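This report refers to the structure that appears directly beneath it.
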Amino acid sequence: MQKEIIVASSLCVRFNNQTVLDDVSFKVHEGEVFALLGGNGAGKSTTLKTFLGTVLPVSGNASILDMSVTDEIDSIRRKVAYLPESVTLYGHLSGIENIEYFLSLAQITCSTKAIEEALKRVALQENAWHRAMSNYSKGMRQKVAIALALLRNAPVLFLDEPTSGLDPNAIDEFNQLIATLAAEGTTVFMVTHDVYGACQIAHRIGLLDNGKIVGMFERGESSHIDTESVHSAFSARNKR
Amino acid sequence: MSIISQITRDEWRFWKRTKIATTALIIGTLLALISAVVNTIEMEHATHEREHLQHTSESRFLEQPDRHPHRMVHYGHYVFRAPSPLSIIEPGVDAFTGTSIFLEGHRQNSAMFSEQRQASGMTRFSSLTPSFLLQVLVPLFIILIGYASITREKQAGTLNIMITQGVNLSHLLFGKYLALLCSGFLMLLPLVISAIWATTNGESVLLTSSFVAGYVLYILIWSGLVLAVSAMSKKSSASFAILVGMWIVFCILIPRIGSSSAAALAPSLGKLEADFAVLEELRKLGDGHNAADAAFEQLKKNLLAKYEVEKIEDLPINFRGSVAQYSEKKLTSVLNQFAEKRMEEELSQAQIARQFGWLTPTTAIRSFSMMIAGTSLETHHRFLREAENLRFEFVQSLNKIHQDTLDYQADINRHNDDKAARVNASNWQVLSEFSFKPDASTVRLASSTPYLIQLVLWGVIVIFGLRFAVRRIS
Amino acid sequence: MKFFSNITREARFLFKQKYLVGILTAVFALSLFSVWSGLSEMQTQSSTIERLKEKDRVDRENVLAKQSGYGSAAYYAFHLTYSEPSNLAFAAIGQRDVFPWKHRIRMLAIEGQIYETDADNPELSFLGRFDFAFLVSVLLPLFVILLLHDLRSSEREAGRYDLLITTAVKQKYLWLTRAFVLSASLALVLLVPFVIGAVISNASFVGTSLIVLVVFAHIVFWTLLIVWYTSNKMALKQNSTQVASALLSVWLMVSVLIPATTDVAIDKMVTSPNGGDILLVQREAVNDAWDLPDSVTWDAFLATHPQWKNYTDMGLTFEWKWYYAFQQVGDQKASELSEKYRQATLEKDTLASRLALLSPPMLTQRLMSSLAETDTQAAMQYEQNIRAYHNSLRHFYYPLMFTRAEFSLDKMSELPDFSQFSKK
Chain A
1 MQKEIIVASS LCVRFNNQTV LDDVSFKVHE GEVFALLGGN GAGKSTTLKT
51 FLGTVLPVSG NASILDMSVT DEIDSIRRKV AYLPESVTLY GHLSGIENIE
101 YFLSLAQITC STKAIEEALK RVALQENAWH RAMSNYSKGM RQKVAIALAL
151 LRNAPVLFLD EPTSGLDPNA IDEFNQLIAT LAAEGTTVFM VTHDVYGACQ
201 IAHRIGLLDN GKIVGMFERG ESSHIDTESV HSAFSARNKR
Chain B
1 MSIISQITRD EWRFWKRTKI ATTALIIGTL LALISAVVNT IEMEHATHER
51 EHLQHTSESR FLEQPDRHPH RMVHYGHYVF RAPSPLSIIE PGVDAFTGTS
101 IFLEGHRQNS AMFSEQRQAS GMTRFSSLTP SFLLQVLVPL FIILIGYASI
151 TREKQAGTLN IMITQGVNLS HLLFGKYLAL LCSGFLMLLP LVISAIWATT
201 NGESVLLTSS FVAGYVLYIL IWSGLVLAVS AMSKKSSASF AILVGMWIVF
251 CILIPRIGSS SAAALAPSLG KLEADFAVLE ELRKLGDGHN AADAAFEQLK
301 KNLLAKYEVE KIEDLPINFR GSVAQYSEKK LTSVLNQFAE KRMEEELSQA
351 QIARQFGWLT PTTAIRSFSM MIAGTSLETH HRFLREAENL RFEFVQSLNK
401 IHQDTLDYQA DINRHNDDKA ARVNASNWQV LSEFSFKPDA STVRLASSTP
451 YLIQLVLWGV IVIFGLRFAV RRIS
Chain C
1 MKFFSNITRE ARFLFKQKYL VGILTAVFAL SLFSVWSGLS EMQTQSSTIE
51 RLKEKDRVDR ENVLAKQSGY GSAAYYAFHL TYSEPSNLAF AAIGQRDVFP
101 WKHRIRMLAI EGQIYETDAD NPELSFLGRF DFAFLVSVLL PLFVILLLHD
151 LRSSEREAGR YDLLITTAVK QKYLWLTRAF VLSASLALVL LVPFVIGAVI
201 SNASFVGTSL IVLVVFAHIV FWTLLIVWYT SNKMALKQNS TQVASALLSV
251 WLMVSVLIPA TTDVAIDKMV TSPNGGDILL VQREAVNDAW DLPDSVTWDA
301 FLATHPQWKN YTDMGLTFEW KWYYAFQQVG DQKASELSEK YRQATLEKDT
351 LASRLALLSP PMLTQRLMSS LAETDTQAAM QYEQNIRAYH NSLRHFYYPL
401 MFTRAEFSLD KMSELPDFSQ FSKK
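In structure tokens:
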């Protein structure tokens, strides 16, 4: 059995007396790509934020690498890289400068060469490296953010709706990259409402509805998760 | 037309549902109301007190017993400057100038006991006067209410929806402008009430209405500025930061920079230093107490020739009184010459500071407001001049009594026979009543015109700004 | 080590933002202007005093040369008194534009002379001066608010907040470091012109450091307030402008409303005699003396100056010693009122200094003008110096007049000099 990296056990989160997460439990293993799938308002982002330590659970526990988010969030953050939904880094800085700044926030020193290699790996065109990010496209901004995540060398990667707003080519490139990272041992946790995208990339999918895990899908040895079955479960939930 | 009122009403609804705008509006109106009431009470009190003191001072003078007339010249008299009716809104320089002057022979005293000198020193930046509130704080409240009026539509995407639905941008802006103006006028309401109060207290309707009109223009300017900046900004936060920056610069910085520049550019010698020159001039005139002073030789000769007598003793008039009259006249003309010069210096300093009205509407409205209210430096100077006229008049009347009524021999012997060297107390009636009236309304309107022009210019700038904003959005 | 690397990182990061550099440059320019105008004002005041001293000396020599008796010499000779601006006065003009700092007096009743003011242009005083103390006490909070209010909210609005706090090793340090860099650079641009000004005007090291300390304290107060406010739960839900509005209302409260209301309260709490009454009492006393029997004046005079009881004989003509005696009596009669008036001024000042604790901007302003010796206390001290000097003139002239000493110009060179009284 592989190591359990991300663990949610009976997570409950409440906002203004409204239950947002109700007894949510799941485990993500090392090198696994786990997608939390759900409609608007299902509680995906809340789950993500709980692991990032910006939302506190009222009961239950969330832990990463055996560290609890409620007690050791600072240590957790050293091990975690996060890719927000719409990446807006500092517009007045160039891609490289942004990476340098965020790396130094994480107290990581990196040679310029390493940064350039990372940017090459995410396939950001070279003529944009030194331009101010305010005139990057969404895909380019995302690439910079992924490069940053790569450079942080974090064993755990959190993704928030990573493919929304990207063109099909960019999505392919992205999926490829995630697959490679997972193969190298990075644990990936993503939240999305894109059924097709999740099935393409994830090893396992948890279906979240109204704050509860209502289904779990696992991919076979060599095939992707069956889109049809996930889709029918998803839309059945959403119609109700 | 209905689109405009629709937009105005929608803006009101938005304010009603968001906290900042309503809070700012309520606080602003309450503050204006409180300050209007407090200031009205205080100024009414001051008016009565000064009228009472003026009265007391006059009756004291008249109640003096039989005396040597020159003693009354030194006994002197007090005059008080009664505040103008509109000073309940705009006290102007009132707190910084003394409001009373001691008038006596041979001297021009300055106004003494300014309120600031006895104040706690806490109000050097701010005060709770309606004018400070309206000139400095109300713009800030207008900013807080209106900074997002256009940017919020941009950020929510509703602006594009409106445009694609065929809403005319000018109508949109005008509707928002109306909504913003209404909130500004609500804060102006206490001022209008105070102005009506001032009218019932004898201020001319023409003046009070132009006073209010000036402030209405000021509100129009600031509301327009707020709207223009909001229309030209992409985000609410940017619009807010720019507007607050503008507020700091216009309402706080430039007026003070104007005052500091005026002091640095046109340094005034100060009364004390000018007094050296005055004294030097005066010494040439001779001491009026000493009739034997060589300076009065010519006067003596003239008088002896006129009455065809040989000796002073034979003159039908009291020579000492003539000398007193003669020297007081000479001395006063020297004193006036220097006083005028000093007032001119002060005025030219003030003029420099007021030119900063071209750079900020706040200085423009302040000058306008002081001019109309009759609480400007010019009014204070007129008070000084009128007090001086009164001083000269009663001193010379007393000197004339000295000359015509008091026997020369008795006068010479006054140290031995004090009683004989006196005149009847009924002579003290020469003192005329002093009642300081503000300038006529035409004068005040005329002197406020340059600052009205400054305000109008700002109005024009705002109109252009709004038109530019409309073009930029479309 | 880590601390410094954090600082250099944030400094390098923040100063790439043009608007920040713009704000800081503007503040630097304002500080420069305030220091320059303060220096030029104090330069003018110092040179005015120097000029006046010379003119005063020449004038007195001319006058005295024409005199033949001590009585008339005392009557005609004026004496300059002055309050030199301290070396730090350029930074805080304080009350120097309301209270007089130069005065010429004679040996007549002091109460009739001391309230004469050679005050500044009232319209300029009304508009207010732009001195360094104003910049620091009133505007500085606005600058701090402008720079720091959107510390977190701007990141949240730009969607970087979560990324930032998940990336930073300790998020608290990130905000603190940014706040520190901004406040420190604000302090720097404010203080550099001031320190240059202090060097130019030869201010003492201790005084300069104390003012620097006051400026720091005021910046730290507002920085901590803002950092505390922006990190509380309520502010975390507000957007930048809501945060700024809340902070602005705090500023409005402490720098406008509290001072204005405490002023009214202090005015109500302290009853002060009407200034005009002092003059009135003094005038009645001096004028009545001419009509009263000499003995009334002498009795009142001898009550305080018994040493002259054998010298009150009156000649046939006018006697200067009697004239000055009733001037003295006039002062004595007005002294109670005058003292009450002075005490009321001081009491108001004391109350103001206590109530200023409610308003950091006012406290800053008061501390600065206190250090610069331009506050009400200093003005009252100057007034006392004038009184002491006037008294010394009386001590000089009385023996000469009462003993009917022969007038000699040599003796007049022993006239007391104000410079001995100008220091505390």
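Residue numbers (the working numbering), protein chains in the order written: chain A, 1 to 240; chain B, 1 to 474; chain C, 1 to 424. Using N, Cα and C, we set each Cβ at its ideal position, and we do this for glycine too. The model shown is predicted, which means the values in this text are computed figures rather than measured ones.
With a threshold of 8 Å between beta carbons, is C:SER338 in contact with chain B? no
Ignore the nearest five residues each way along the sequence and tell me which others in C:THR48's own chain have a CB closer than 8 Å to its CB. LYS102
For C:MET314, three-class secondary structure by DSSP: coil
State buried or exposed for B:GLU104, treating a residue as buried only when at least 16 other CB atoms are found within 10 Å of its CB. That one is buried.
If you draw a straight line from the C-alpha of B:ALA364 to the C-alpha of C:LYS53, how long is it? 40 Å
Anyone know if the C-beta pair for A:GLU126 and A:ILE115 falls short of 8 Å? no
Shorter than 8 Å from the beta carbon of A:ALA106 to some beta carbon of chain C? Residue-level contact by beta carbon holds for A:ALA106 and chain C, with a gap shorter than 8 Å.
Give the secondary structure of C:PHE130 by DSSP, where H, G and I count as helix, E and B as strand, and everything else as coil. Of the three classes helix, strand and coil, the one that applies to C:PHE130 here is coil, per DSSP.
Can you list the residues of chain B that C:TRP290 reaches, using a CB-CB cut of under 7 Å? ARG71
Along chain B, which residues have their Cβ under 8 Å away from the Cβ of C:TYR382? Neighbours of C:TYR382 on chain B: none; closest Cβ ~13 Å, over 8 Å.
Beta carbons nearer than 8 Å to chain C: which residues of the region 51-63 of chain A have them? Answer in chain order: LEU52, GLY53, THR54.
Kindly confirm or deny that the region 224-242 of chain B and the region 137-151 of chain B touch, where touching means at least three C-beta pairs closer than 8 Å. Yes, the region 224-242 of chain B touches the region 137-151 of chain B.
By the three-class DSSP mapping on this structure, what secondary structure does C:LYS172 have? The answer is helix: DSSP assigns C:LYS172 an H, G or I state.
Would A:PHE158 pass as a contact of C:THR167 if the rule is Cβ separation under 8 Å? no
So, helix, strand or coil for B:TRP124, using DSSP? For clarity, residue 124 of chain B is Arg in the given sequence; the question names Trp instead. Coil.
My output table needs one value for B:HIS77: the three-state DSSP class, helix, strand or coil. strand
Cβ of A:TYR136 less than 8 Å from any chain C Cβ? no
Please state the DSSP three-state secondary structure of C:ASP267. C:ASP267: helix per DSSP, three-state reduction.
Name the chain C residues that come within less than 9 Å of B:VAL323, Cβ to Cβ? Ordered by position in chain C, no residue passes the 9 Å Cβ test against B:VAL323, which lies about 17 Å from the chain.
Quick one, are the C-beta atoms of C:ALA260 and B:LEU128 less than 8 Å apart? yes
CA-to-CA distance, B:LYS330 to B:GLY270, given in whole angstroms: 23 Å
Cβ-based burial, C:TRP228 [other Cβ within 10 Å; buried from 16]: By the 10 Å Cβ count, C:TRP228 comes out exposed.
Please go through the region 350-398 of chain B and give each complete beta strand (DSSP E) segment of 3 or more residues, from N-terminal end onward. Secondary structure remark: continuous beta strand (DSSP E) runs of at least 3 residues inside the region 350-398 of chain B: none found.
Roughly how many angstroms separate the alpha carbons of A:LYS120 and A:ASN135, rounded to a whole number? Approximately 19 Å, taken between the alpha carbons.
Beta strand (DSSP E) containing B:ASP293: first to last residue? Per DSSP, B:ASP293 is not a residue of any beta strand (DSSP E), being assigned neither H nor E.
For C:LEU20, which residues in the same chain have their Cβ closer than 8 Å to its Cβ, ignoring the five residues on either side in sequence? LEU14, LEU147, LEU182
Listed from N- to C-terminal order along the chain, which residues in the region 164-189 of chain C have their beta-carbon within a distance smaller than 9 Å of any beta-carbon of chain A? LEU164, ILE165, THR166, THR167, ALA168, VAL169, LYS170, GLN171, LEU174
Is the shortest distance between the beta-carbon of A:HIS231 and the beta-carbons of chain C less than 8 Å? no
Host alpha helix (DSSP H) of B:THR449 (start-end): 441-473
Name the chain E residues that come within less than 7 Å of B:LYS271, Cβ to Cβ? Looking for chain E here will not work: the only protein chains present are A, B and C.
If we call anything under 8 Å between Cβ atoms a contact, is C:TRP308 one with C:MET314? no
Residue from B:ALA264, B:ILE143, B:GLU273 whose Cα sits closest to the Cα of B:CYS251: Minimum Cα distance to B:CYS251 is reached at B:ILE143.
Would the region 152-169 of chain B and the region 202-211 of chain B be scored as touching if the rule is three or more Cβ pairs under 8 Å? No, the region 152-169 of chain B is not in contact with the region 202-211 of chain B.
Contact list for A:PHE102 against chain C, beta-carbon separation under 9 Å: LEU163, LEU164, THR167, ALA168
Please classify C:GLN384: is it buried, with 16 or more other beta-carbons within 10 angstroms of its beta-carbon, or exposed? exposed
Quick one, are the C-beta atoms of B:PRO130 and B:ALA36 less than 8 Å apart? yes
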